[in-house]
Amino acid sequence: MSLTMIGDVKIPIVGLGTWQSTDEEELVKALDAALEIGYRHIDTAAIYKNEHVIGKVLKKWLTSGKLKREDLFITTKLPHTHIHADEVESQLKQSLEKLQLDYVDLYLIHFPIYLKSVGDGKPTEPQPTDHLAVWKKMEEQVDAGRTRTIGVSNFAIHQIDRIIKNCRIRPANTQVELQVYNQQKELREYCKKNNIVVVSYSSLGSPGTPAFMKKMGRDITVPNILGDPLITEIAKKYGKTTGQIILRYITQNDIVVIPKSVKPDRLKENFNILDFKLEPEDLKALESLDKGEDGRIFRMDYGPKFVEHPEYPFRR
Ligand SMILES: NC(=O)c1ccc[n+]([C@@H]2O[C@H](COP(=O)([O-])OP(=O)(O)OC[C@H]3O[C@@H](n4cnc5c(N)ncnc54)[C@H](OP(=O)(O)O)[C@@H]3O)[C@@H](O)[C@H]2O)c1
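Taking this note's numbering, the leading residue of the sequence shown gets 418, the next gets one more, and so forth.
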């Protein structure tokens with residue numbers, strides 16, 4: 418099942434997330450398993466440092482004739498450290514080279530603040546950021562055939578609106594944290610009116626993040642969404658897992674999901690969510706879990722230079 422974006426471009430409603438998939442052997446196995454199961458939509462980003470692995474696996478599938486390029490939907494993203502007009506084209510070319518593709522299906526601006534690395538071991542510094550200048554270069558990538566559609570990620574409504582009011586090619590897509598505790602109702606409403614397809618990231622609550630971040634010396638806690646008592650009750654009623662209930666709830670609201678897993682059983686579980694429908698009373702119960710902005714997991718508020726930046730997107 419797919420949703421249709423601007424320009425009649427179809428985006429499969431269930432894709433595969435690949436953030437934190439950095440172990441090459443593990444990711445190759447996961448991608449092979451996912452493609453066998455039927456995944457055709459893969460979400461990556463330059464900062465995930467795995468485009469080259471995805472490229473190798475896609476090349477294998479494409480040259481063997483098991484898949485055609487047009488069967489696939491591939492998203493990648495302009496990295497936080499290169500959100501600058503002068504960098505868009507070279508960054509996308511680098512991503513395409515690693516992915517061994519002539520074009521991607523969707524190219525996103527990963528984050529609304531341009532971060533500049535200020536040297537070895539030093540943190541990246543937020544810089545002045547000109548979305549309209551960056552967008553003009555994003556449009557040129559569509560003209561050049563390097564991407565079929567363009568969009569944004571982690572942008573606030575007013576930031577998307579500024580692009581829409583000044584663009585030649587409209588944003589087709591926005592990718593945001595969207596899970597049952599942070600259901601993004603206002604953004605969804607805005608996107609519906611403006612024909613922008615929404616992709617939910619961290620739909621399952623990103624349970625792998627604490628262990629992943631610990632390796633980088635950072636302590637992060639995430640809510641146990643998969644263990645939520647109400648979702649557990651609903652899961653029992655349908656004979657499904659809590660993960661499947663969550664993913665079905667989001668897709669039943671016409672939102673794309675891209676759950677990440679490297680485990681074949683979970684890949685299957687997350688893909689097989691379209692053979693049942695949640696009843697209105699259960700949709701309503703799940704809707705009641707929304708805490709709005711208070712339910713956001715990833716605030717990306719790494720110090721005053723972030724939160725005071727004019728383009729910081731997550732203000733309450
Ligand atoms: N645009 C952005 O700024 C942004 C930010 C975050 C994420 N994303 C994208 O969105 C994707 C998904 O988000 P996410 O990776 O943060 O989190 P997620 O999909 O909510 O959760 C992934 C985690 O849940 C585990 N998992 C997967 N399926 C499961 C299941 N059925 N039951 C129990 N556990 C399960 C995975 O472990 P195993 O792998 O061990 O199964 C992994 O640790 C990312 O991979 C990335 O592509 C984008």
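Glycine included, C-beta positions come from ideal geometry on N, C-alpha and C.
**Message:** In whole angstroms, give me the CA-to-CA distance for Arg635 and Gly432.
**Reply:** 28 Å
**Message:** Could you tell me the alpha carbon to alpha carbon distance between Pro624 and Asp707, rounded to whole angstroms?
**Reply:** 18 Å
**Request:** Return the CA-CA distance between Pro727 and Ile464, expressed in angstroms with no decimal places.
**Result:** 23 Å
**Message:** To the nearest angstrom, how far is the alpha carbon of Tyr456 from that of Gly562?
**Reply:** 24 Å
**Request:** For Gly644, decide whether its Cβ has a neighbour in chain D, counting only Cβ atoms nearer than 8 Å.
**Result:** In summary, chain D is missing from the structure at hand, where a single protein chain is found.
**Prompt:** Should Leu495 be counted as a contact of ligand 1 given a C-beta to heavy atom distance under 7 Å?
**Reply:** no
**Asked** Can we say the stretch 614 to 631 touches the stretch 593 to 603, given the rule of at least three CB pairs closer than 8 Å?
**Response** yes
**Item:** Cα-Cα separation, Thr439 to Pro697
**Value:** 40 Å
**Message:** In chain order, what are the residue ranges of uninterrupted beta strand (DSSP E) at least 3 long that sit wholly in the stretch 465 to 545?
**Reply:** 490 to 495, 521 to 526, 531 to 534, 541 to 544
**Prompt:** Taking the continuous alpha helix (DSSP H) assigned at Asp460, which residues delimit it?
**Reply:** Element bounds for Asp460: not the alpha helix (DSSP H) but the beta strand (DSSP E), 458 to 460.
**Message:** Please classify Pro429 as buried or exposed, where buried requires at least 16 other C-beta atoms within 10 Å of its C-beta.
**Reply:** buried
**Residue closest to Leu495, alpha-carbon to alpha-carbon, out of Leu484, Asp488, Gln511** = Gln511
**Asked** When every heavy atom of ligand 1 is checked, does at least one fall within less than 7 Å of the C-beta of Arg733?
**Response** no
**Message:** For Gln669 and Lys685, what's the separation of their Cα atoms in angstroms?
**Reply:** 18 Å
**Asked** Looking at His501 and Ser570, is the spacing between their C-beta atoms short of 8 Å?
**Response** no
**Message:** Measuring CB atoms only, is the stretch 477 to 487 touching the stretch 699 to 717, in the sense that at least three cross pairs come out at less than 8 Å?
**Reply:** no
**Asked** If you measure from the CB of Ser678, is any heavy atom of ligand 1 nearer than 7 Å?
**Response** yes
**Request:** Verify whether the separation of the beta carbon atoms of Ser506 and Lys554 is less than 8 Å.
**Result:** Per the sequence shown, residue 506 should be read as Glu rather than Ser. Yes.
**Message:** So the candidates are Ser678, Glu725, Asn599; which of them puts its Cα closest to the Cα of Trp436?
**Reply:** Ser678
**Request:** Sort out for me which residues DSSP pairs Val597 with in a bridge.
**Result:** Per DSSP, none; premise fails for Val597.
**Request:** Mind reading off the beta-carbon distance from Gly622 to Pro640? Whole number of angstroms is fine, and I expect it under 8 Å.
**Result:** 6 Å
**Asked** Given that a residue counts as buried once 16 or more other Cβ atoms are within 10 Å of its Cβ, and exposed if not, what is Ala589?
**Response** buried
**DSSP-derived helix/strand/coil call for Arg605** = helix
**Asked** To which residues does DSSP link Met422 through a beta bridge?
**Response** Val426
**Message:** For Ala550, which residues in the same chain have their Cβ closer than 7 Å to its Cβ, ignoring the five residues on either side in sequence?
**Reply:** Ala502
**Request:** Compute every distance between the C-beta of Arg665 and the non-hydrogen atoms of ligand 1, then say whether any falls below 7 Å.
**Result:** no
**C-beta atoms of Leu509 and Gln544 nearer than 8 Å** = no
**Prompt:** How would you label Gly605, buried or exposed, when you count the other beta carbons within 10 angstroms and need 16 or more for buried?
**Reply:** Checking the sequence shown, residue 605 turns out to be Arg, not Gly. It counts as buried.
**Asked** Roughly how many angstroms separate the alpha carbons of Lys694 and Glu453, rounded to a whole number?
**Response** 25 Å
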